[in-house]
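Below is one structure, written out as structure tokens; comments come after it.
Protein chains: 2
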Amino acid sequence: MSEKELFDIVFLPDQVTVKAAVGESVLDVANRGGLHINASCGGEGVCGRCVVELRGGDVEASPGLFLSDEEFKNKLRLSCRAKCNGPARIFIPLESRGDASFFKKATQADESVKVDVLDPTIKETCLILTPPSHEDNASDFDRINSALNDLGLTDLDIDLAALREMPKVLREGNFKVKLAINNDIAIQNPEAPPYARIVSIRPQEGSDDYYAIAVDVGTTSVWARLVNLFTGETLPSVADLNGQISFGEDVISRIVYADRKDGLQKLQRQVIDTINRLLERLEELYPGYRRKTYLMFVAGNTTMSHLLVGVPPKNIRLAPYVPPAATWPTLKANYLGLNVEPHTVMKIFPAVSSYVGGDIVSGVLASGFYKREELTLFIDVGTNGEIVIGNSDWMTCAACSAGPAFEGGGVRCGMRAAPGAIENFFYDPAAKKHYLGVIGNGPPSGVCGSGLINVVAELFRAGVVNKQGRYVEGSAPLIRAGEDGLEYLLAPASESAGNHDVVITEIDIENLIRAKGAMFSGYQTLVEAVGLRLGDLERVIIAGGFGKSLNLENAIEIGLLPNLPLEKFLYIGNGSLSGATLAALSANMWRVAHEIKKKMTNFELSETPGYMDKYVASQFLPHTDASLFANG
Amino acid sequence: MSEKELFDIVFLPDQVTVKAAVGESVLDVANRGGLHINASCGGEGVCGRCVVELRGGDVEASPGLFLSDEEFKNKLRLSCRAKCNGPARIFIPLESRGDASFFKKATQADESVKVDVLDPTIKETCLILTPPSHEDNASDFDRINSALNDLGLTDLDIDLAALREMPKVLREGNFKVKLAINNDIAIQNPEAPPYARIVSIRPQEGSDDYYAIAVDVGTTSVWARLVNLFTGETLPSVADLNGQISFGEDVISRIVYADRKDGLQKLQRQVIDTINRLLERLEELYPGYRRKTYLMFVAGNTTMSHLLVGVPPKNIRLAPYVPPAATWPTLKANYLGLNVEPHTVMKIFPAVSSYVGGDIVSGVLASGFYKREELTLFIDVGTNGEIVIGNSDWMTCAACSAGPAFEGGGVRCGMRAAPGAIENFFYDPAAKKHYLGVIGNGPPSGVCGSGLINVVAELFRAGVVNKQGRYVEGSAPLIRAGEDGLEYLLAPASESAGNHDVVITEIDIENLIRAKGAMFSGYQTLVEAVGLRLGDLERVIIAGGFGKSLNLENAIEIGLLPNLPLEKFLYIGNGSLSGATLAALSANMWRVAHEIKKKMTNFELSETPGYMDKYVASQFLPHTDASLFANG
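Chains as they are written, first to last, in this note's numbering: chain A, 98 to 729; chain B, 98 to 729.
Structure follows, in structure tokens:
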């Protein structure tokens with residue numbers, strides 16, 4: 098690019114100026130400037146979400162599939178298809194933005210995350226050495242080694258940075274120093290003696306606190322939390338949108354993008370940048386924490402883990418769906434580009450399979466159900482929904498390809514659970530009126546996944562939607578004929594934020610039924626595969642961001658969750674982050690995570706007899722077999 | 098510097114142009130341009146060796162201590178004291194250059210370096226895996242792990258680069274691949290199970306050869322050799338001047354320089370650049386070897402090891418002379434800046450003390466005397482001479498501060514053993530004539546250390562030099578009065594290369610006597626400390642570059658070597674490089690190196706009773722106690 102002529106593209110409303118060359122797509126240029134534009138399809142030109150408005154200059158583009166001639170005349174462009182050909186001013190409308198403002202505040206600490214024994218993988222140890230003399234002239238490193246023999250550490254290694262600082266720190270501290278020692282348990286062979294390594298040496302001064310960072314790398318959002326390894330205290334977490342979102346909203350579009358030229362490097366850069374932003378925010382909260390941060394425990398789904406490390410994820414989506422890695426070596430976090438000290442070691446949660454990842458292993462660890470006797474269903478609802486069934490004796494798991502409906506995808510007015518999304522919906526059958534609950538309390542601009550469930554459940558309960566997921570004509574005044582058949586008007590353009598009608602179409606309901614059916618038939622298959630029935634379930638644990646806003650009764654009403662008494666359900670929030678926190682606090686928990694991974698038997702549902710029949714049978718509200726939902 | 102105005106300094110005869118700023122020394126600018134100027138004192142302005150000639154422009158300088166007014170008028174300058182103040186053209190005369198041409202050819206392979214069992218630390222292993230299927234869907238890495246269980250490797254780790262390549266290489270090779278596995282023995286705890294790590298994965302194709310590099314980092318020169326770990330073959334070695342030589346000729350001046358601002362980084366950069374040049378030359382000899390080179394075993398003295406790794410060496414020269422490190426962690430060679438693949442692991446020989454380094458441990462390993470019963474003296478003659486005495490049961494060692502005479506330093510017409518150096522000298526007492534042997538067979542420009550020994554021994558034998566090291570007036574026609582008293586004219590200016598008389602002064606002889614006395618009294622002290630006498634020595638092993646050109650009879654004549662039958666002496670050449678080669682071939686040899694280090698008891702001679710008396714008694718030719726050299 099250095100050889101080409103460069104010009105300025107100014108992005109509005111942020112007033113961010115980015116240099117561009119002829120032929121670059123507006124989407125790529127925006128990404129380079131750190132601006133997130135929705136591009137569910139990964140910039141393939143097939144989702145139509147990345148609309149921008151040309152406010153000055155010109156770009157090379159045609160209306161294509163998603164823009165009407167009038168929209169095109171009004172200077173709307175698909176940013177992934179529009180090629181720069183000179184200076185331009187481009188406005189990114191709210192609907193096209195990956196809105197990160199939602200995450201811009203620290204959330205509360207998770208009080209529930211506790212360990213019995215505080216036993217982190219890297220511990221700080223205070224060492225008081227005899228200074229050298231002519232009679233006792235062992236080298237500095239040998240001196241430290243022999244002092245540590247008492248701890249059973251006989252074959253110590255040392256980080257280069259620590260070695261270089263050692264002579265100065267020893268003498269400045271008058272041979273009284275604090276060492277951070279990585280005392281790794283061999284995961285696969287717990288009988289092996291620990292592999293010990295000095296990762297840091299510093300004077301014995303200041304506070305005794307030292308830290309680990311727990312990270313949950315989600316497809317949509319990334320969470321990080323500081324954990325105090327000296328006190329065991331779990332500190333508040335911070336979150337941000339995963340910067341990869343500009344390259345596709347789901348794991349499949351990311352995997353496809355990673356296979357492009359430099360695609361893997363770009364995606365890796367995005368998630369590293371995202372984590373670096375979170376590390377900066379932690380710096381504001383806990384100045385100077387980095388110098389005393391030795392560990393980073395990361396949980397993410399299988400694709401996110403591969404993209405973070407920079408391992409090509411291609412085979413995850415190719416039969417027989419074997420991921421390159423399901424366990425990970427210990428890495429130096431700074432080698433991946435993270436802004437941490439060289440002594441910060443990164444450990445990544447093991448995965449079970451291509452679609453049951455480290456985030457689920459971490460969630461199961463956090464839920465504690467692996468050590469309890471009750472038959473438990475662990476469920477994480479999403480585009481790629483994961484389910485685990487079992488107890489302390491056994492566990493089976495599977496991934497359900499539910500499609501994007503739960504995350505507002507494939508839905509006419511769908512959107513993520515961000516400000517402007519209709520989340521709650523109450524229908525008054527007597528007055529034939531509805532009431533909306535909108536995230537952020539402003540005018541609505543769309544419906545998020547949990548909102549869609551609430552709308553359909555309420556309308557089904559009121560008889561406005563029938564078992565087949567069709568509107569009953571004349572049952573409600575807001576039903577009307579639309580482009581895709583009948584639709585229900587949630588908010589007219591005049592009352593919406595986006596200046597367009599917010600509706601739920603029959604196709605939207607169809608997509609929701611497909612999604613909930615995929616989840617339901619998934620756990621039904623797992624339960625029956627071990628000779629049990631859904632009624633045998635004693636506990637249902639709901640994990641993941643989606644569960645937070647889920648109305649249990651409505652989720653049962655549409656047949657997403659099993660028909661059990663409400664007190665059997667437990668929501669554990671971001672179990673993936675909680676599990677990473679536990680591993681940070683205790684080397685034993687990290688070992689247990691690997692045991693959980695090994696214990697879990699993975700089912701490929703598409704290969705499992707009976708699954709397709711169950712899936713077809715689930716394509717009703719709540720189900721073709723009404724007995725499954727009797728007395729709900 | 099970026100803020101200052103820069104100008105060109107052109108160095109002749111090489112025509113190398115380097116940018117400089119006002120106030121920089123000519124020596125620093127030359128170094129930045131990769132030009133070596135002699136500066137024995139490390140640029141302190143006290144050795145007078147870095148003379149250059151101003152051929153254009155100007156520099157800021159005064160005559161100072163080393164230049165006569167006439168020399169100054171003739172535009173000679175000390176490059177370390179001359180400050181740039183504008184563009185200039187500067188000629189570096191031959192006498193001031195670190196002449197590296199001497200090393201510019203590959204030497205012969207060392208046939209004597211052999212191991213009983215070829216057992217390198219990193220081995221290539223061929224793996225034929227069952228491709229994954231729906232029934233057998235373990236991840237790629239787990240698949241490799243379970244296949245390697247048969248080798249007893251149950252807790253494998255993997256390098257990041259190998260992990261990233263793994264999915265592609267596995268599939269391209271149809272799951273038939275070659276892995277390079279680091280199977281480290283725990284040095285301090287040999288009972289511990291090996292720590293195993295996959296460092297490389299590649300298709301099973303092409304030749305089976307794979308390599309290690311053995312390196313000897315000497316204060317003056319650096320040697321490297323490729324070792325074929327598949328065949329056990331030892332390939333020819335290459336050598337070059339250690340680029341640090343521009344910052345001082347001996348370890349003390351390097352340690353002093355390292356303590357300056359950025360000094361350590363500069364010295365490290367120099368030795369890394371030197372090794373990188375050798376790696377390039379190996380590339381010419383064995384194209385493509387880097388991809389299949391997994392190990393690098395480095396032996397060097399304690400200071401060289403610290404400078405290579407970048408650990409401040411300051412404490413090496415401060416009482417109680419405790420080095421920061423005497424054992425070293427395994428390092429990734431590329432982290433230090435070496436141009437090798439990320440999978441190349443570097444191991445550095447352990448040292449005994451600040452002045453008995455890894456080169457001596459490596460030499461003792463190569464000599465094999467640690468496993469023999471004869472009482473052996475191992476001796477490495479040099480500015481810092483090292484001696485080891487012992488056998489398979491015990492070993493003591495010490496360093497002798499001999500001063501620079503053996504390397505041509507502190508001698509009026511002294512020089513390194515490079516072309517132009519007088520190396521051989523024969524005196525015909527009848528004709529009172531001498532014959533010179535000059536390295537490279539050109540006209541002489543000076544005398545190297547072994548040449549000095551030969552001159553003094555021959556003249557002593559002929560009665561031209563007496564026991565006190567003084568010239569006997571009138572005993573030879575070429576004795577004349579000089580600035581420093583009497584001197585012997587080896588070659589007049591008209592016959593010399595440097596256009597100056599080549600002489601040996603009485604001060605030169607004094608310096609040699611001091612040097613040989615330091616060595617002699619050193620090993621005498623060690624032998625007597627264990628209740629033995631020099632006559633009990635059954636074997637003398639001479640190691641190091643200096644020994645190559647040493648005339649044994651002459652060395653005994655002046656009292657440097659003990660008075661033993663010549664057949665008891667063995668010259669092992671570059672034992673440091675040979676030992677590194679052995680360690681490359683066998684993990685067990687590497688373990689033995691650490692046993693040798695532990696077995697060796699270090700004596701600080703200056704602290705040892707009786708040493709000073711013995712040193713004073715040795716200040717004659719050959720010794721005050723003539724009985725020690727009777728029947729020589």
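The beta-carbon is built from N, C-alpha and C at its ideal position, and this holds for glycine as well. Model, not experiment: these values are computed from the prediction.
Do you know offhand how far residue i's Cα is from residue j's?
| i | j | result |
| --- | --- | --- |
| SER198/B | SER675/B | Only weak support exists for where SER198/B lies, its pLDDT of 42 falling under 50; the coordinates are left without a value. |
| SER724/A | ASN660/A | 10 angstroms |
| GLY656/A | ARG636/A | 17 angstroms |
| LEU647/B | ASN271/B | 59 angstroms |
| MET616/A | ILE476/A | 9 angstroms |
| PHE523/B | ALA684/B | 47 angstroms |
| ALA422/A | HIS403/A | 8 angstroms |
| GLY249/A | ALA612/A | 54 angstroms |
| THR114/A | GLU704/A | 51 angstroms |
| ASN431/B | PHE238/B | 25 angstroms |
| GLN205/A | LYS645/A | Bear in mind that the predicted position of GLN205/A carries a pLDDT of just 37, short of 50, making it unreliable; the figure below should be weighed with that in mind. Spanning the two alpha carbons is a distance of roughly 15 angstroms. |
| TYR383/B | LEU332/B | 10 angstroms |
| SER99/A | THR441/B | Any reading at SER99/A is ruled out, since the residue's pLDDT is 45, under 50, leaving its predicted position unreliable. |
| ALA499/A | GLN621/A | 15 angstroms |
Given a cut-off of 8 angstroms, decide if residue j and residue i are closer than it, judged by their beta-carbon atoms.
| i | j | result |
| --- | --- | --- |
| ILE536/A | GLU520/A | yes |
| SER547/B | MET512/B | no |
| LEU361/A | GLY407/A | yes |
| ILE219/A | ALA259/A | no |
| PRO426/B | ASP256/B | no |
| ILE187/B | VAL148/B | no |
| HIS531/B | LEU338/B | no |
| LEU679/A | VAL212/A | yes |
By the DSSP assignment, the beta strand (DSSP E) with residue i in it spans what residues?
| i | result |
| --- | --- |
| THR602/B | 599-602 |
| ALA423/A | From DSSP, ALA423/A is part of no beta strand (DSSP E); its letter is neither H nor E. |
| ALA727/A | Element bounds for ALA727/A: n/a, residue is neither H nor E. |
| THR493/A | 492-498 |
| ILE342/A | Careful: ILE342/A lies outside any beta strand (DSSP E) and carries neither H nor E. |
| HIS531/B | 530-535 |
| LYS695/B | No beta strand (DSSP E) holds LYS695/B; the alpha helix (DSSP H) holding it covers 684-696. |
| ASP105/B | 103-109 |
Check the DSSP bridge columns for residue i and list the partner residues they point to.
| i | result |
| --- | --- |
| TRP731/B | The question about residue 731/B has no answer here: the residues shown for chain B are numbered 98 through 729. |
| LEU151/A | ILE187/A |
| ARG577/B | GLU584/B |
| TYR568/A | VAL562/A |
| ILE298/A | LEU276/A |
| GLU483/A | ASP477/A and ALA496/A |
Take residue i as the anchor and find which of the options has the nearest alpha-carbon.
| i | options | result |
| --- | --- | --- |
| SER304/B | GLY487/B, GLU221/B and ALA652/B | GLU221/B |
| VAL214/B | TYR708/B, LEU583/B and MET686/B | MET686/B |
| ILE241/A | SER297/A, GLU580/A, ASP111/A and LEU718/A | SER297/A |
| PHE700/B | ALA235/A, VAL442/A, THR227/A and LEU103/A | ALA235/A |
| ILE96/A | LEU462/A, THR602/A, ALA527/A and VAL713/A | Nothing can be reported for residue 96/A: it is not among the residues displayed for chain A, which extend from 98 to 729. |
Mind checking which residues open and close the alpha helix (DSSP H) that includes residue i?
| i | result |
| --- | --- |
| PHE557/B | 546-558 |
| THR114/A | Careful: THR114/A lies outside any alpha helix (DSSP H), inside the beta strand (DSSP E) at 113-118. |
| TYR354/A | 348-355 |
| HIS403/B | 399-406 |
List the residues of chain E that residue i touches, going by C-beta distances under 7 angstroms, in chain order.
| i | result |
| --- | --- |
| THR331/B | Looking for chain E here will not work: the only protein chains present are A and B. |
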